[in-house]
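Enquirer:
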Amino acid sequence: MARPVLEIRGLRVGVEGREIVKGLDLTVRGGEVHAIMGPNGTGKSTFASALMGHPAYEVLGGSAMLDGKDLLEMAVDERARAGLFLAMQYPAEIAGVSNANFLRTALNARRGEDDPMPVLKFHKELQQKMRSLAIDPVFAERYVNEGFSGGEKKRNEILQMSVLGPRIAVLDEIDSGLDIDAVKVVAQGVNEMLSENFGVLIITHYQRILNFIKPTNVHVMMQGRIVRSAGPELAEELEARGYEWLRDALGIEEPLSQEA
Amino acid sequence: MSKPEITGVEEYQYGFHDRDVSVFNTGKGLRPEVVEAISKMKGEPDWMREFRLRSLEIFLEKPMPNFGGNLSDLNFEDITYYRRPSDQKGRTWEDVPTEIKDTFEKLGIPEAERKFLAGVSAQYDSEVVYHNIRKDLEDMGIVFLDTDSALREFPELFREYFGTIVPPEDNKFAALNSAVWSGGSFIYVPKGVEAKVPLQAYFRINASQMGQFERTLIIVDEDAMVHYVEGCTAPIYSESSLHSAVVEIVVKKNARCRYTTIQNWAPNVYNLVTKRAVAHEHATMEWIDGNIGSQLTMKYPSVYMVGEGAHAHVLSIAVAGRGQHQDAGAKAVHLAPNTTSTIISKSISRAGGRTTYRGLVHFGENVQGSKAKVNCDTLIFDDGSKADTIPVNEVLDNRVTMEHEATVSKVSEEQLFYLKSRGLTEEEATRMIVMGFIEPFTKELPMEYAVEMNRLIKLEMVGSVG
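Protein chains in written order, with the numbering used here: chain A, 1 to 260; chain B, 261 to 726.
#1: Take every Cβ of the region 535–551 of chain B, pair it with every Cβ of the region 422–432 of chain B, and state whether three or more of those distances are shorter than 8 Å.
#2: Measure the alpha-carbon distance for aspartate 362(B) versus leucine 397(B) and round it to whole angstroms.
#3: Determine the extent of the alpha helix (DSSP H) in which isoleucine 158(A) is found, giving its start and end residues.
#4: Can you list, in chain order, the residues of its chain with a C-beta nearer than 8 Å to that of serine 669(B)? Leave out the 5 residues immediately preceding and following it.
#5: Residues of chain A with CB under 8 Å from phenylalanine 697(B), in chain order?
#6: Going by the beta-carbon positions, is the gap between glycine 199(A) and glycine 68(A) smaller than 9 Å?
#7: Where does proline 651(B) fall in DSSP's three states?
#8: When DSSP labels each residue in this structure, what does isoleucine 479(B) get in the three-state scheme?
#9: What would DSSP say about valine 269(B), mapped onto helix, strand or coil?
#10: If we ignore side chains and look at the alpha-carbon of each, how far apart do aspartate 347(B) and asparagine 392(B) end up?
#11: Measuring alpha carbon to alpha carbon, tell me which of Arg228(A), Tyr206(A), Gly177(A) ends up nearest alanine 240(A).
#12: Report the option in Ser381(B), Ala647(B), Ala596(B) whose CA atom is closest to the CA atom of glutamine 228(B).
#13: Kindly indicate if chain A contains any beta-carbon less than 9 Å away from that of isoleucine 693(B).
#14: Determine which residues of the region 670–695 of chain B have a Cβ less than 8 Å from any Cβ of chain A, and write them out in chain order.
#15: Only counting the same chain, and skipping five residues up and downstream in sequence, which positions put a Cβ closer than 6 Å to that of tyrosine 274(B)?
#16: Short of 7 Å in beta carbon distance, which residues of its chain neighbour leucine 316(B), apart from the five on each side in sequence? Order them along the chain.
#17: Measure from the alpha carbon of glutamate 420(B) to the alpha carbon of each residue in Ile479(B), Lys375(B), Phe463(B), then state which is nearest.
#18: So with Cβ pairs under 9 Å, would you call methionine 88(A) a contact of chain B?
#19: Note down the Cα distance separating proline 264(B) from lysine 153(A), rounded to an integer number of angstroms.
#20: Let me know if lysine 300(B) comes out buried or exposed under the rule of 16 or more other beta-carbons within 10 Å of its beta-carbon.
#21: Could you name the residues of the region 105–124 of chain A whose beta carbon sits closer than 7 Å to any beta carbon of chain B, in the order they occur along the chain?
#22: Output, in chain order, the set of chain B residues within a Cβ distance shorter than 9 Å of aspartate 67(A).
#23: In chain B, which residues lie less than 9 Å from leucine 92(A) when you measure between Cβ atoms?
#24: Can you pull out the residues from the region 30–56 of chain A whose beta carbon lies closer than 9 Å to at least one beta carbon of chain B?
#25: Would you mind telling me which residues of chain B sit closer than 7 Å to aspartate 172(A), beta carbon to beta carbon, in chain order?
#26: Using Cβ-Cβ distances below 9 Å, what residues of the region 154–183 of chain A are close to chain B?
#27: Indicate whether tyrosine 678(B) and proline 91(A) have their beta-carbon atoms separated by less than 9 Å.
#28: Is the CB-CB distance between valine 507(B) and leucine 477(B) below 9 Å?
#29: What does DSSP give as the partner residues of serine 381(B) in its beta bridges?
#30: Counting only C-beta atoms, is alanine 64(A) closer than 9 Å to chain B at any point?
#31: If you follow the alpha helix (DSSP H) that glutamine 188(A) is in, where does it begin and where does it stop?
#32: Under a Cβ-count criterion, where at least 16 other Cβ atoms within 10 Å of its own Cβ denotes burial, should valine 711(B) be classed as buried or exposed?
#33: Are the beta-carbon atoms belonging to glycine 553(B) and alanine 526(B) less than 9 Å from one another?
#34: Using a beta-carbon distance cut-off of less than 9 Å, what residues from the region 129–150 of chain A approach chain B?
#35: Compute the Euclidean distance between the alpha carbons of methionine 65(A) and threonine 685(B), then round it to the nearest angstrom.
#36: Measuring only between beta-carbons, confirm whether alanine 100(A) sits less than 9 Å from chain B.
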């Protein structure tokens with residue numbers, strides 16, 4: 001299969017009539033790790049959710065293509081089956097549905113009716129993946145995200161990504177609320193998947209996770225646009241000098257919202 | 261009778277019917293002669309004939325219930341109260357008339373019997389046409405008969421309990437059943453005997469405007485155990501049919517009874533049923549009650565805990581789609597110290613359907629140390645659907661503990677988005693949320709029934725999302 005490519009051109013997204021993402025251009029290919037950094041409230045998560053097709057967000061203009069196919073024409077589940085994955089900042093809880101049942105249903109939804117994953121093979125692979133992500137095996141039978149801690153939810157997102165094997169994954173604040181050990185585990189999960197056939201877009205407020213997942217490209221987003229793109233050195237510079245430095249250098253007026 | 265809107269036809273899989281193969285019926289309407297004819301046909305003792313006639317009087321005197329669903333279109337004169345499908349009752353399926361056997365084949369009953377049941381009873385309109393119990397259970401002394409045969413074969417045991425748990429005076433429909441009852445199951449489990457595999461009865465209405473009035477009596481003696489499962493379906497007709505059963509259960513000291521129902525009547529059936537159990541000292545009675553079908557169901561399985569330490573467990577689900585009203589619930593009546601009850605109700609309203617949880621928890625006098633816990637969860641799909649919760653608590657002794665929790669939720673956009681973002685279609689995602697919602701119910705079912713339940717829910721959900 002050809003190397004995946006996600007191409008976004010001039011994407012504009014609104015919420016309740018207010019434009020949040022104001023023309024975003026980005027290309028992510030297999031084997032690449034992109035990071036979108038930026039202060040809170042600049043539209044990073046809005047962009048991620050809209051790309052996946054969340055009904056609360058309205059695409060006002062622009063295009064988003066995955067492997068030459070128009071994502072914006074597809075329903076949410078079609079985008080997923082086309083190979084797009086979104087690790088969510090606040091994953092939903094589904095009472096009464098076990099993680100394993102959910103994952104197997106999702107996996108089979110991708111594979112098509114005539115090619116379901118054999119149950120035993122699935123469980124074997126699931127257990128193996130859970131071990132490598134330091135997830136307690138009992139989580140296979142726990143209800144999806146119900147009663148999970150913040151860190152458990154995030155690891156569960158990475159587990160799903162690992163099982164489903166998408167072509168392009170968007171990780172929305174996967175590092176928020178994680179201690180350093182958990183960040184390492186999550187990063188290892190991502191690194192193990194990296195190949196020519198898999199591209200990643202990490203959305204984060206902090207540089208920390210990029211110590212463990214080496215980005216190929218770093219972008220800074222402010223006020224709904226990407227205001228600077230460079231190599232990994234940009235993340236280090238931001239870490240050292242703060243977003244204010246870049247804001248002032250670019251002559252942007254709006255204050256930065258503070259977050260702990 | 262007015263013609264109700266035919267609802268849910270495209271989703272209901274069991275709506276086929278056979279031609280009328282009956283060998284006898286009493287015609288439409290209800291008169292003392294009809295009751296006499298039924299009793300005579302069955303060759304019953306005088307006491308039963310008199311019981312029936314007295315019950316008919318009670319039925320005629322009692323007003324219609326002033327609660328529950330809309331019964332204004334139910335015309336008692338349009339119903340046929342007794343229809344005998346065949347002159348023989350088989351103990352092998354070969355003995356069952358071909359047409360009727362084919363119907364039960366289509367419903368999967370003989371196959372289920374071969375695979376995982378200890379005994380099967382199959383009722384078609386008014387009579388049980390097939391009845392069998394596994395030899396090993398029979399050898400243990402377990403009696404599993406159709407109720408008419410039990411009256412003949414165990415007259416004393418029968419008379420000791422019949423009508424004592426649900427007397428005809430209880431309510432209008434209990435009186436109606438008492439007047440015209442036919443078929444149903446009789447089970448006696450001797451002291452200390454445990455039936456490890458379920459006994460099943462299947463109730464099928466075939467004729468149009470039919471009334472089915474089976475009567476079930478279960479006696480579980482001390483330290484004994486039984487699991488009884490019933491299923492029900494009917495053809496779809498434009499006119500309504502009436503199913504009005506009475507179930508009486510006695511669970512003696514330290515005994516255990518589980519009664520599982522998967523009710524999937526066609527959407528033109530009024531399902532008005534009285535189910536009640538008496539639980540003695542340290543006995544456990546469990547009602548696992550699934551209501552998917554019918555036009556209107558009014559059913560509140562009850563447990564009267566009369567012995568110290570008795571336990572009641574009711575797990576009820578109701579799914580109401582277009583044109584359906586499930587008025588279901590439970591009653592836990594604490595009449596002895598240290599009795600405990602749990603009621604879990606899960607209701608799903610969709611496509612304009614209506615669910616009502618109607619429950620009673622009663623603590624009598626001198627029931628210190630008793631506990632009750634009620635949990636009602638409702639899932640609503642759309643704005644046109646409706647759900648109500650009507651819990652009633654009566655407490656005559658304040659040395660008790662009572663917990664009540666109720667939640668109402670809509671299928672959330674965030675949940676749907678999450679599941680769809682992993683590749684599930686809207687329909688698959690909705691189904692998964694629903695299956696998760698009723699999981700506390702399905703996990704209590706024997707595996708084969710859980711599979712069937714999942715399949716039914718899947719059928720119910722087809723076309724339920726836009």
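Each residue gets a CB set at the ideal place from its N, CA and C atoms; glycine is no exception.
Expert: Concretely, from the data shown:
#1: yes
#2: Position 102 of the second sequence, counted from the first residue, corresponds to residue 362(B). Position 137 of the second sequence, counted from the first residue, corresponds to residue 397(B). Cα to Cα, the separation comes out at about 27 Å.
#3: For this step, residue 158(A) is matched to residue 158 along the first sequence. That run of the alpha helix (DSSP H) goes 150–164.
#4: Walking along the second sequence from the start, residue 669(B) turns up at place 409. Asp637, Thr638, Leu639, Ile640.
#5: For this step, residue 697(B) is matched to residue 437 along the second sequence. Within chain A, the residues near phenylalanine 697(B) are Ala95, Gly96.
#6: One-based indexing of the first sequence puts residue 199(A) at position 199. One-based indexing of the first sequence puts residue 68(A) at position 68. Their beta carbons are not under 9 Å apart, which means glycine 199(A) does not touch glycine 68(A) by this criterion.
#7: The count along the second sequence starts at 1 and reaches residue 651(B) at position 391. Strand at proline 651(B).
#8: Your numbering for residue 479(B) matches position 219 in the second sequence. Strand, per DSSP.
#9: The count along the second sequence starts at 1 and reaches residue 269(B) at position 9. With a pLDDT of 46 at valine 269(B), under the threshold of 50, the modelled position of that residue is not reliable, and the figure given next carries that caveat. Correct three-state label for valine 269(B): coil.
#10: Taking the second sequence and counting its residues from 1, one reaches residue 347(B) at position 87. Taking the second sequence and counting its residues from 1, one reaches residue 392(B) at position 132. Their backbone Cα atoms lie some 17 Å apart in a straight line.
#11: Working through the first sequence from its first residue, we reach residue 240(A) at position 240. For alanine 240(A), the nearest C-alpha among the options comes from Tyr206(A).
#12: For chain B, the structure presents residues 261 to 726; residue 228(B) sits outside this window and is missing.
#13: For this step, residue 693(B) is matched to residue 433 along the second sequence. Yes, because at least one Cβ of chain A sits closer than 9 Å to the Cβ of isoleucine 693(B).
#14: Ser672, Glu673, Glu674, Gln675, Phe677, Tyr678, Leu679, Lys680, Ser681, Arg682, Gly683, Leu684, Thr685, Glu686, Glu688, Ala689, Met692, Ile693, Met695
#15: Counting from 1 along the second sequence, the entry for residue 274(B) is found at position 14. If we look at tyrosine 274(B) and ignore the five residues flanking it on each side, its Cβ neighbours are Thr493.
#16: As a position in the second sequence, residue 316(B) is number 56, starting the count at 1. Correct list, in chain order: Pro292, Val295, Ala439.
#17: Within the second sequence, residue 420(B) is the residue found at index 160, counting from 1. Considering only alpha carbons, the answer is Ile479(B).
#18: Numbered from 1 along the first sequence, position 88 holds the residue referred to as residue 88(A). Yes - at least one Cβ of chain B is within 9 Å of the one on methionine 88(A).
#19: Within the second sequence, numbered from 1, the residue matching residue 264(B) stands at position 4. Within the first sequence, numbered from 1, the residue matching residue 153(A) stands at position 153. Confidence is the limiting factor: at proline 264(B) the pLDDT is only 39, short of 50, which leaves the residue's position unreliable, though a coordinate-based value still follows. Rounded to whole angstroms, proline 264(B) to lysine 153(A) spans 49 Å at the Cα level.
#20: For the purposes of this step, residue 300(B) is taken as the residue at position 40 of the second sequence. Lysine 300(B) should be labelled exposed.
#21: Thr105, Ala106, Ala109, Arg110
#22: Here residue 67(A) refers to the residue found at position 67 of the first sequence. Within 9 Å Cβ-Cβ: nothing; aspartate 67(A) doesn't reach chain B, min ~16 Å.
#23: Translated into the one-based positions of the first sequence, residue 92(A) becomes position 92. The sequence as given places alanine at residue 92(A); leucine does not occur at that position. Ordered by position in chain B, the residues that pass the 9 Å Cβ test against alanine 92(A) are Ser672, Glu674, Gln675, Leu676, Phe677, Tyr678, Leu679.
#24: Ser49, Met52, Gly53, His54, Pro55, Ala56
#25: Taking the first residue of the first sequence as position 1, residue 172(A) is located at position 172. Near aspartate 172(A) there are no residues of chain B at all, since even the closest Cβ is about 11 Å away, more than 7 Å.
#26: Gln160, Leu164
#27: If you number the second sequence from 1, residue 678(B) lands on position 418. If you number the first sequence from 1, residue 91(A) lands on position 91. Contact: yes.
#28: On the second sequence, residue 507(B) is found 247 positions in, with the first residue counted as 1. On the second sequence, residue 477(B) is found 217 positions in, with the first residue counted as 1. Against a cut-off of 9 Å, the Cβ pair of leucine 477(B) and valine 507(B) comes out as a contact.
#29: Numbered from its first residue, the second sequence carries residue 381(B) at position 121. Looking at the DSSP assignment, serine 381(B) forms a beta bridge with His391(B), Ala461(B).
#30: Within the first sequence, the letter at position 64 stands for residue 64(A). Output row for alanine 64(A): interface = no.
#31: For this step, residue 188(A) is matched to residue 188 along the first sequence. That run of the alpha helix (DSSP H) goes 180–193.
#32: Within the second sequence, the letter at position 451 stands for residue 711(B). Looking at its Cβ environment, which holds fewer than 16 other Cβ atoms inside 10 Å, valine 711(B) is exposed.
#33: Locating residue 553(B) in the second sequence gives position 293, counting from the first residue. Locating residue 526(B) in the second sequence gives position 266, counting from the first residue. Yes, Cβ-Cβ distance for glycine 553(B) and alanine 526(B) is below 9 Å.
#34: Tyr143, Val144, Asn145
#35: Position 65 of the first sequence, counted from the start, is the residue given in the question as residue 65(A). Position 425 of the second sequence, counted from the start, is the residue given in the question as residue 685(B). Rounded to whole angstroms, methionine 65(A) to threonine 685(B) spans 21 Å at the Cα level.
#36: Residue numbering aside, residue 100(A) sits at position 100 when the first sequence is read from its first letter. So no, alanine 100(A) is outside the interface.
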